[in-house]
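In our numbering, the protein residues as written are 52 to 297.
The C-beta atom is built at its ideal place from N, Cα and C for all residues, glycine as well.
Beneath this line is the structure, given in structure tokens, with notes to follow.
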């Protein structure tokens with residue numbers, strides 16, 4: 052079984068490596084010290100299993116899984132914190148190990164991973180991974196997107212609007228447009244309803260970008276943004292804006 056170790060602490064990676072090399076049939080194929088490197092190394096090495104820390108610089112372990120999507124390998128979370136256990140199993144993790152890792156617990160987790168290896172992946176769809184990446188009780192703070200092999204991390208506050216395009220969403224920020232496979236309803240449920248309003252079945256608007264509304268038909272309006280962008284506003288969307296803005 053080919054294993055990738057992901058942890059921002061070199062000592063933690065070294066200790067895990069020692070434990071893994073003592074296990075028969077386990078090959079440590081690489082290491083990564085942050086979330087972005089974890090994504091790159093996973094895609095390059097195609098391990099059967101990733102031992103993944105949760106709290107890391109740049110990207111959390113959950114955000115790593117979100118970027119890998121449905122192609123993510125089996126995962127065992129290894130962390131010093133027990134408060135993420137429920138979220139870990141929501142993303143179908145093989146196991147959840149607390150540091151310092153006991154050899155017996157690691158051996159049991161590896162046995163479970165071997166049972167899963169070769170089966171169809173049991174990972175959540177991308178939308179479920181995105182929800183798991185968000186801390187409980189908090190609205191979405193940043194959006195992770197991929198384009199031509201590059202990872203973009205956009206703060207939600209930097210978004211102007213989001214447009215639905217078939218099975219994708221197009222995120223607009225300062226004239227830049229990036230796409231992600233996700234449903235509008237799923238994203239809307241994660242955003243702050245005081246800032247983002249569904250103005251049309253195909254559009255979510257950051258109300259801080261709204262300059263004015265113009266009516267062009269009896270039940271239809273146009274939202275004009277500060278940069279001059281014009282977006283359609285439905286009757287229900289107009290009602291939501293009036294309720295929010297007064």
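(request) Give the secondary structure of residue 216 by DSSP, where H, G and I count as helix, E and B as strand, and everything else as coil. (result) Indexing the chain shown from 1 puts residue 216 at position 165. Residue 216: strand per DSSP, three-state reduction.
(request) Determine the DSSP secondary structure at residue 263, reduced to helix, strand or coil. (result) By one-based count along the chain shown, residue 263 stands at place 212. Assignment of residue 263 by DSSP, reduced to helix, strand and coil, places it in the strand class.
(request) May I have the straight-line CA-CA distance separating residue 124 from residue 293, to the nearest angstrom? (result) One-based indexing of the chain shown puts residue 124 at position 73. One-based indexing of the chain shown puts residue 293 at position 242. Computed Cα separation, rounded: 47 Å.
(request) Would you give the residue range spanned by the alpha helix (DSSP H) that residue 128 belongs to? (result) Within the chain shown, the letter at position 77 stands for residue 128. Element bounds for residue 128: not the alpha helix (DSSP H) but the beta strand (DSSP E), 125-130.
(request) Take the Cβ of residue 98 as the centre, count every other Cβ of all protein chains shown within 10 Å, and call the residue buried at 16 or more, exposed below. (result) Walking along the chain shown from the start, residue 98 turns up at place 47. Buried.
(request) Could you pull out every residue in the same chain whose Cβ sits closer than 6 Å to the Cβ of residue 78, ignoring the five residues on either side in sequence? (result) As a first step, residue 78 must be located in the chain shown, where it is residue number 27. Correct list, in chain order: 53.
(message) Taking the alpha carbon of residue 297 as the reference point, which residue from 144, 85, 258 has its own alpha carbon closest?
(response) The residue you call residue 297 lines up with position 246 of the chain shown. When each option's Cα is compared against that of residue 297, the closest is 258.
(request) Using 10 angstroms around the beta-carbon of residue 113, count the other beta-carbons present and answer buried if the total reaches 16, otherwise exposed. (result) As a working note, residue 113 is residue 62 in the chain shown. It counts as buried.
(message) Measuring only the C-alpha atoms, how far is residue 71 from residue 249?
(response) For the purposes of this step, residue 71 is identified with residue 20 of the chain shown, where counting begins at 1. For the purposes of this step, residue 249 is identified with residue 198 of the chain shown, where counting begins at 1. For the pair residue 71 and residue 249, the Cα-to-Cα distance works out to about 50 Å.
(message) What does DSSP give as the partner residue(s) for residue 81 in the beta ladder?
(response) Looking up residue 81 in the chain shown gives position 30. According to DSSP, which records beta bridges pairwise, residue 81 is partnered with 55.
(message) Taking DSSP's pairing of strands, which residues face residue 97 in a bridge?
(response) By one-based count along the chain shown, residue 97 stands at place 46. Residue 97 pairs with nothing; no bridge assigned.
(message) Quick test of the definition: if touching needs 3 or more C-beta pairs under 8 Å, does the stretch 229-244 touch the stretch 210-218?
(response) For the pair of segments examined, the stretch 229-244 was found to touch the stretch 210-218: the number of CB pairs separated by less than 8 Å reaches three.
(request) Given a cut-off of 8 Å, decide if residue 205 and residue 251 are closer than it, judged by their beta-carbon atoms. (result) The residue labelled residue 251 in the question sits at position 200 within the chain shown. The residue labelled residue 205 in the question sits at position 154 within the chain shown. Going by C-beta atoms, residue 251 is not nearer than 8 Å to residue 205.
(request) Would you mind reading off the limits of the alpha helix (DSSP H) that contains residue 237? (result) One-based indexing of the chain shown puts residue 237 at position 186. Taken as a continuous stretch (DSSP letters only), the alpha helix (DSSP H) holding residue 237 covers 235-241.
(message) Do residue 81 and residue 91 have their beta-carbon atoms positioned less than 8 Å apart in this structure?
(response) Position 40 of the chain shown, counted from the start, is the residue given in the question as residue 91. Position 30 of the chain shown, counted from the start, is the residue given in the question as residue 81. No, these two residues do not count as a Cβ contact at 8 Å.
(message) For the alpha helix (DSSP H) containing residue 210, name the first residue and the last one.
(response) In the chain shown, the residue the question calls residue 210 occupies position 159. Premise fails: residue 210 is in no alpha helix (DSSP H) and is neither H nor E.
(request) Mark residue 227 as exposed unless 16 or more other C-beta atoms lie within 10 angstroms of its C-beta, in which case mark it buried. (result) Translated into positions along the chain shown, residue 227 becomes position 176. Under this definition residue 227 is an exposed residue.
(request) Go through its chain and collect everything with a Cβ distance to residue 135's Cβ below 6 Å, but skip five positions before and after it. (result) The sequence position of residue 135 within the chain shown is 84, counting from 1. Cβ neighbours of residue 135 beyond the five flanking positions: 105.
(message) Nearest by alpha-carbon distance to residue 88: which of 108, 146, 159, 230 is it?
(response) On the chain shown, position 37 is the one that residue 88 refers to. Residue 108 holds the alpha-carbon nearest to the alpha-carbon of residue 88 among 108, 146, 159, 230.
(message) DSSP has residue 146 in a bridge; who is on the other side?
(response) As a first step, residue 146 must be located in the chain shown, where it is residue number 95. Paired residues: 127.
(message) On the criterion of 16 or more Cβ atoms from any shown chain inside 10 Å, does residue 267 qualify as buried, or is it exposed?
(response) Numbered from its first residue, the chain shown carries residue 267 at position 216. So residue 267 ends up on the exposed side.
(request) Return helix, strand or coil for residue 140, following the three-state DSSP convention. (result) Here residue 140 corresponds to residue number 89 of the chain shown, with the count starting at 1. Reduced to three states, the DSSP call for residue 140 is helix.
(message) Nearest by alpha-carbon distance to residue 57: which of 75, 151, 115, 76 is it?
(response) As a first step, residue 57 is located in the chain shown; it is residue number 6 there, counting from the start. Of the candidates 75, 151, 115, 76, the one whose C-alpha sits nearest the C-alpha of residue 57 is 115.
(message) So, with DSSP's three-state summary, where would you put residue 171?
(response) The residue labelled residue 171 in the question sits at position 120 within the chain shown. Residue placement at residue 171 is poorly supported in this model, since its pLDDT is 45, which falls under 50; the coordinates still yield a value, given next. In this structure, residue 171 counts as coil in the three-state DSSP scheme.
(request) Per DSSP, which residues does residue 152 bridge with? Please list them. (result) By 1-based counting over the chain shown, the position of residue 152 is 101. DSSP output for residue 152 lists no bridge partner at all.
(message) At the level of alpha carbons, what is the spacing between residue 141 and residue 147?
(response) Here residue 141 corresponds to residue number 90 of the chain shown, with the count starting at 1. Here residue 147 corresponds to residue number 96 of the chain shown, with the count starting at 1. Approximately 12 Å between the Cα atoms of the pair.
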